[in-house]
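*Asks:*
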Amino acid sequence: MSFIVEPSVEAYATEHSTPDAELFSRLAAETREKTTAPQMMVGLLEGQFLGTLVRVLRAKRILEIGTFTGYSSISMASALPPDGRIVTCDVDPEATAIARRYMDESGHGEKIEIRLGPALETLETLDGPFDIVFIDADKPNYQAYYEAVLPLLADNGLVIADNVLWSGRVVEPDGDESTKAIKAFNEHVAGDDRVVSVMLTVRDGMTLVQKR
Numbered sequence: 001m002s003f004i005v006e007p008s009v010e011a012y013a014t015e016h017s018t019p020d021a022e023l024f025s026r027l028a029a030e031t032r033e034k035t036t037a038p039q040m041m042v043g044l045l046e047g048q049f050l051g052t053l054v055r056v057l058r059a060k061r062i063l064e065i066g067t068f069t070g071y072s073s074i075s076m077a078s079a080l081p082p083d084g085r086i087v088t089c090d091v092d093p094e095a096t097a098i099a100r101r102y103m104d105e106s107g108h109g110e111k112i113e114i115r116l117g118p119a120l121e122t123l124e125t126l127d128g129p130f131d132i133v134f135i136d137a138d139k140p141n142y143q144a145y146y147e148a149v150l151p152l153l154a155d156n157g158l159v160i161a162d163n164v165l166w167s168g169r170v171v172e173p174d175g176d177e178s179t180k181a182i183k184a185f186n187e188h189v190a191g192d193d194r195v196v197s198v199m200l201t202v203r204d205g206m207t208l209v210q211k212r
């Protein structure tokens, strides 16, 4: 599903990117069938982009906040070396059960550990450094997640925050709780002199953050 880019342009970009494995098509179909918000899947373009970042950074340890049905986890795990590892956090046992099946089928399941429970509680139990942190969970907690993961980030690591354009609603006045939370998060990162950041118009918007 296209959020920002005109759909035919996004379809063209998808057609001219390396296709995902057939497993992702089945995962996407089951996600659409069994979940109430299938648009939360990252999809091919974002999945391939995440995998590219893993390879370019030569990442070995990844932290993900928001597993859902595992599309992003598997995309990143497939780009990791054999000894690479992902810790992924979520509160939904039904969605993560779907994720676990496809993770294991993908051949990369041994790289991925699912932590079920509130992410902020899980983060208190983790030790860094992580080469990549991918934040794609409940929007009201984005700023709290960001502050919690910065101390866990490797010196040359990358925080990736998803949905930062929120289907374009960030440029509209007011908005619901999630819209206001995303706006506040975006302003917080843009004004944070500890980091350098860039916001990209990939799918629903992604901000990439590195420590100065």
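When we follow our numbering, the leftmost residue of the sequence shown carries the number 1, and every step to the right adds one.
Every residue, glycine too, gets a C-beta built ideally from N, C-alpha and C.
#1: Since Phe130 is in the beta strand (DSSP E), which residue starts that stretch and which ends it?
#2: Given this structure, state the Cα-to-Cα distance separating Val170 from Thr69, to the nearest angstrom.
#3: Which same chain residues, not among the five before or five after Tyr105, have their C-beta less than 7 angstroms away from its C-beta?
#4: Let me know if Glu64 comes out buried or exposed under the rule of 16 or more other beta-carbons within 10 Å of its beta-carbon.
#5: With C-beta atoms as the reference, is Ile132 less than 8 angstroms away from Val209?
#6: As a quick exercise: from Glu94, Leu150, Glu172 and Val56, pick the residue whose alpha carbon is nearest that of Lys211.
#7: Of the choices Glu172, Gly191, His16 and Leu165, whose alpha-carbon is the least far from that of Ile182?
#8: Could you check whether the stretch 34-44 touches the stretch 112-127, counting it as contact only if at least three pairs of C-beta atoms, one from each stretch, sit closer than 8 angstroms?
#9: Tell me the DSSP bridge mates of Lys139?
#10: Would you identify the three-state DSSP class for Met41, choosing helix, strand or coil?
#11: State the Cα-Cα distance for the pair Asp204 and Asn163, rounded to the nearest angstrom.
#12: Which first and last residues belong to the alpha helix (DSSP H) in which Val189 is found?
#13: Assuming contact is defined by CB atoms lying nearer than 8 angstroms, are Tyr145 and Val189 in contact in what I supplied?
*Replies:* If we stick to the structure as given:
#1: Sequence index remark: in the sequence shown, residue 130 carries index 130 (1-based). Residues Phe130 to Ile135.
#2: On the sequence shown, position 170 is the one that residue 170 refers to. On the sequence shown, position 69 is the one that residue 69 refers to. So the alpha carbons of these two residues sit roughly 26 angstroms apart.
#3: Translated into positions along the sequence shown, residue 105 becomes position 105. It is Glu, not Tyr, that sits at residue 105 in the sequence shown. If we look at Glu105 and ignore the five residues flanking it on each side, its Cβ neighbours are Leu23.
#4: By one-based count along the sequence shown, residue 64 stands at place 64. Counting Cβ neighbours within 10 Å, Glu64 comes out buried, since at least 16 surround it.
#5: Here residue 132 refers to the residue found at position 132 of the sequence shown. Here residue 209 refers to the residue found at position 209 of the sequence shown. Taking 8 angstroms as the Cβ cut-off, Ile132 and Val209 do not qualify as a contacting pair.
#6: What you label residue 211 is simply residue 211 of the sequence shown in a count that begins at 1. The shortest Cα separation from Lys211 among Glu94, Leu150, Glu172 and Val56 belongs to Leu150.
#7: As a first step, residue 182 must be located in the sequence shown, where it is residue number 182. For Ile182, the nearest C-alpha among the options comes from Leu165.
#8: no
#9: Start at 1 with the first residue of the sequence shown, and residue 139 comes out as number 139. Paired residues: none, contrary to the question.
#10: The residue you call residue 41 lines up with position 41 of the sequence shown. Residue state, collapsed to three classes: coil.
#11: Within the sequence shown, numbered from 1, the residue matching residue 204 stands at position 204. Within the sequence shown, numbered from 1, the residue matching residue 163 stands at position 163. Cα to Cα, the separation comes out at about 5 angstroms.
#12: Along the sequence shown, read from residue 1 onward, the residue named residue 189 stands at position 189. Start and end: Glu177 to Ala190.
#13: For this step, residue 145 is matched to residue 145 along the sequence shown. For this step, residue 189 is matched to residue 189 along the sequence shown. Result no, Cβ atoms of Tyr145 and Val189 do not sit closer than 8 angstroms.
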